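Quick note: the sequence shown uses my numbering, first residue 400, plus one each step.
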Amino acid sequence: QAANIGGIFGHIASPAYAQNCYYLDTSVGSSAAVSGVESKTSEEFKSGEVAFLLNSGDPQQIWGQELGTDEAPILTDDADKSVVQVTFENSDATTTAQYANPGGTVDVPDITGTAPDGQVYGWFDADGNRYTDATSISADVTLTLALAYAVPAAGSGYTIDYAAETAAAAANYEISTDGQAWLDSGG
């Protein structure tokens with residue numbers, strides 16, 4: 400029957416049910432009448448969001464995705480293809496999410512708006528660790544926008560002493576005198 404066409408199911412009879420099902424929004428039908436079924440864009444499939452959602456709440460990995468290579472989730476127990484979620488909570492209580500494979504990175508959102516003079520904001524986890532575009536992601540994490548530090552007024556004569564504990568730390572710094580222009584170890 401033409402009425403029984405959908406992205407996942409054409410028809411589902413009680414007592415059967417669907418849960419945690421996702422289909423490409425450009426596919427035939429909508430499955431809108433079936434709860435537990437949701438359409439996703441090709442970008443949401445490619446980003447790792449759908450692989451993350453398919454594994455949510457399951458202690459054993461069934462789905463994975465090599466981000467940047469796989470266009471959609473694949474059946475795999477390869478831990479390198481697991482997908483973790485980075486949630487960004489903004490000061491206005493809005494949230495966005497990005498996804499990474501363990502050891503990967505995400506593009507932290509630019510900090511928008513104008514900070515009061517001399518204040519520098521950053522993205523921090525619950526333990527106070529600051530995250531940048533170069534921070535390796537190993538597990539699901541929620542990052543909150545917070546004050547990183549206040550810069551002394553221009554001409555106040557301040558000095559920054561930086562003693563790195565390792566060569567890697569010394570080669571991976573960021574510094575700014577105004578909170579807008581950043582200089583890192585690459586120059």
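Yeah, the Cβ is synthetic: ideal placement off N, Cα and C, and Gly gets one too.
Here the structure is a predicted model, which is why all the values come from computation and not from measurement.
Length of the line joining the Cα atoms of residue i and residue j
i	j	result
Q418	Q518	46 Å
I510	A545	10 Å
Q497	F523	15 Å
A499	V482	6 Å
E437	C420	6 Å
D479	A492	32 Å
D457	S426	27 Å
Q460	A547	36 Å
Reduced DSSP secondary structure (H/G/I, E/B, other) of residue i
i	result
V449	helix
E488	strand
E465	coil
A545	strand
A496	strand
Residue i burial status per 10 Å Cβ neighbour count (16 or more: buried)
i	result
N528	exposed
S446	buried
E448	buried
Check: residue i C-beta below 7 Å from any heavy atom of the ligand GDP
i	result
V540	As for the ligand GDP, it is missing from this structure, which has no ligand bound.
Bridge-paired residues (DSSP) for residue i
i	result
E437	Y421
Q460	Looking at the DSSP assignment, Q460 forms no beta bridge with any residue, so it has no partner.
I473	G463
If you pair each beta-carbon of the segment 521–536 with each one of the segment 499–511, do three or more pairs fall below 8 Å?
-> yes
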